[in-house]
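Presented below is the structure to which this report refers.
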Amino acid sequence: MTAHPSGTDPTMNHPSPDRTTRHRTTRGRRILAGALAAATLVAGAAFVPWQRGLTGAPTGDAQFAAALAPHLDAGYLRSVSAASVETDGTVRFAGWHAEEHDQFEIGSITKTFTAALLADAIERGELTAGTTLGEVFDELAGTSAGDLTMEQLATQHTGLPKSADMVPLGQRWRLFLRMDGYVETLPQMLERTAGLETDPGTYVYSNTGFALLGHAVAEAAGVPYPQLVQERLLDPLGMNETIVPQTYADLPAGAPAGHTDSGVPTGPWTLGAEAPAGSIRSTAHDMAIWMGAVADGSAPGVDAVEPRTELEDGDDIGYAWMTTPMGEDAEAADPSAAAVTWHNGGTGGYRSVAGFTPDGRALVVLSDTQTWVDAGLGYLAETGDQSDGQTDGPSDQTED
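So the mapping is simple: the working numbering equals the position in the sequence shown, first residue as 1, plus 17.
Here it is in structure tokens:
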């Protein structure tokens with residue numbers, strides 16, 4: 018989604034981690050961030066950015082913090098909260114100016130929840146991978162977008178124009194004030210979508226496409242999207258610190274603010290009808306639950322992670338999830354044995370990344386600045402399994 022008037026798209030771009038071994042760089046096994054947000058300049062004022070990388074003494078697991086920190090040394094970071102899940106279920110937490118129960122906007126990682134709802138709905142028989150938008154929404158029947166299938170939406174192969182993700186001209190003033198510009202209602206989104214031309218089978222990363230997918234799955238279930246996430250994903254997994262806002266009114270009092278990478282606070286992003294593409298707010302504690310369940314196959318709708326299509330850059334895409342070869346064995350006979358399945362996210366003032374490996378290890382990194390944290394996935398490539406049965410998982414109480 019467009020975070021700045023310049024037209025960058027942090028929430029839904031997928032800055033793919035570089036496959037370092039393919040290019041035989043000296044760093045070998047490190048997954049690098051594929052994009053960095055540009056510094057925001059505000060006329061008439063100068064801001065001194067934070068020191069490059071992480072600052073202050075970490076809280077939580079010292080071993081995990083020491084292993085993760087070298088991967089988060091690019092750009093300026095304010096508060097970071099991270100969790101790892103090992104193969105035996107051991108959960109480790111580390112934070113810099115943040116605790117495991119602090120809430121962050123997770124941006125496009127929301128899409129992994131929407132994708133799980135689709136896979137779960139298919140299993141329930143509420144729709145199929147071939148169900149079209151026109152079959153769900155009468156407003157789209159007979160239109161180009163109405164012919165798009167659930168699978169095309171979930172694998173980003175709709176060919177929807179990137180302009181469909183742009184904030185409407187009349188709302189762009191919000192971006193200059195570092196506010197959320199996505200305030201459409203679902204009827205407004207459907208009316209706009211009815212006039213779009215598509216190119217089914219063509220990969221174009223689309224926020225609007227995934228938002229339509231989420232609303233279509235919810236329509237098939239007969240409940241609003243936030244309620245569907247709550248009932249089918251959050252409640253069964255015990256993710257009690259996670260919310261799915263669509264308007265500012267849905268936010269709790271005192272909801273934390275994100276920041277530009279020059280330290281300026283930003284307004285919260287709730288995204289209106291675009292919510293299924295990026296509005297979830299969660300904590301490292303809850304995201305460890307989500308990623309642990311996805312990694313061990315126990316999450317509802319976990320079939321969403323299975324690769325469906327290979328992209329031109331060599332990545333595979335399932336329903337939302339990207340799978341990227343990594344590490345020294347990325348070109349082995351079975352590259353899936355050396356791969357990370359992942360998604361990242363970004364809103365006006367937050368960045369995030371979450372991924373897991375075939376052996377069941379998982380990682381999530383949440384940040385309240387605009388600096389990408391995708392390079393944190395290098396932790397999975399370089400550390401191996403750290404389980405020892407000695408480390409406690411996330412506590413049940415917020416630390417003071």
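Just so you know, even glycine gets a beta-carbon here, dropped at the ideal spot from N, CA and C.
Per the DSSP calculation, Asn361 is bridged to which residue(s)?
Val370
If we count Cβ pairs, one from each stretch, closer than 8 Å, do we get three or more for the segment 148–165 versus the segment 357–374?
Short answer: they don't touch.
By how many angstroms is the C-alpha of Val246 removed from the C-alpha of Thr131?
8 Å
Per-residue DSSP class, three states only, for Tyr93:
strand
State the beta-bridge partners of Met256 as determined by DSSP.
Partner(s): none; Met256 has no beta bridge.
Integer-rounded CB distance, given that Phe121 should sit under 8 Å from Tyr367:
6 Å
Where the beta strand (DSSP E) containing Thr300 begins and where it ends
298–300
State yes or no: is the C-beta of Val381 within less than 8 Å of the C-beta of Ala82?
no
I'd like the list of long-range same chain contacts for Gly393, defined as Cβ closer than 8 Å, with 5 residues on each side in sequence excluded.
Leu85, His88, Leu89, Ala99, Val370, Leu380, Val382
Give the straight-line distance between the Cα atoms of Gln173 and Gly198, rounded to the nearest whole angstrom.
23 Å
Quick check on Asp252: buried or exposed, where buried means 16 or more other Cβ atoms within 10 Å of its Cβ?
exposed
Locate the alpha helix (DSSP H) running through Gln205, then write down its first and last residues.
203–210
With distances taken between CB atoms, is the gap from Ser96 to Asp278 smaller than 8 Å?
no
Got a sec? Which residues, its chain only, sit under 6 Å from Leu53 by beta carbon, not counting five neighbours each side?
Low per-residue confidence applies at Leu53: pLDDT is 25, beneath 50, and the placement is therefore not dependable enough to give any value.
Could you say which of Pro262, Pro285, Thr340 lies nearest to Ala312 if we only look at CA atoms?
Thr340
Reference His232, options Met206, Ala211, Leu213, closest by Cα
Met206
Could you tell me how far apart the beta carbons of Thr215 and Gly176 are, in whole angstroms, since I believe they sit closer than 8 Å?
5 Å
Identify whether Ser101 lies in helix, strand or coil by the three-state DSSP scheme.
strand
Any idea what DSSP makes of Glu122, helix, strand or coil?
strand
Helix, strand or coil: how does DSSP classify Leu251 here?
helix
Quick one: using the 10 Å Cβ neighbour count with 16 as the cut-off for buried, is Thr202 buried or exposed?
exposed
C-beta atoms of Thr259 and Asp320 nearer than 8 Å
no
8 Å Cβ shell around Ala266 - same chain, five flanking residues per side excluded:
none
Excluding the five sequence neighbours on either side, which residues of its own chain have a C-beta within less than 6 Å of the C-beta of Gly77, listed in chain order?
Only residues of its own chain outside the window of five on either side were considered, and among them Phe110, Ala111, Gly112 have a CB closer than 6 Å to the CB of Gly77, listed in chain order.
Which of the three DSSP states is assigned to Gly198 in this structure?
coil
Would you kindly work out how many angstroms separate the C-alpha atoms of His276 and Gln188, rounded to a whole number?
20 Å
Look up Glu117 in the DSSP assignment and say whether it is helix, strand or coil.
coil
Does the Cβ of Thr57 have 16 or more other Cβ atoms within 10 Å, making it buried, or fewer, making it exposed?
With a pLDDT of only 27 at Thr57, under 50, the local geometry of the prediction cannot be trusted, and the value read off the model is given with reservation. Buried, by the Cβ-count rule.
Measuring CB to CB, does Ala138 end up less than 8 Å from Val234?
yes
Give the secondary structure of Leu383 by DSSP, where H, G and I count as helix, E and B as strand, and everything else as coil.
strand
Where the alpha helix (DSSP H) containing Pro243 begins and where it ends
242–246
Residues near Ala211 in its chain [Cβ-Cβ closer than 7 Å; skip 5 each side]:
Once the five neighbours on either side are set aside, the close Cβ partners of Ala211 are Glu156, Leu157, Thr160, Ala162.
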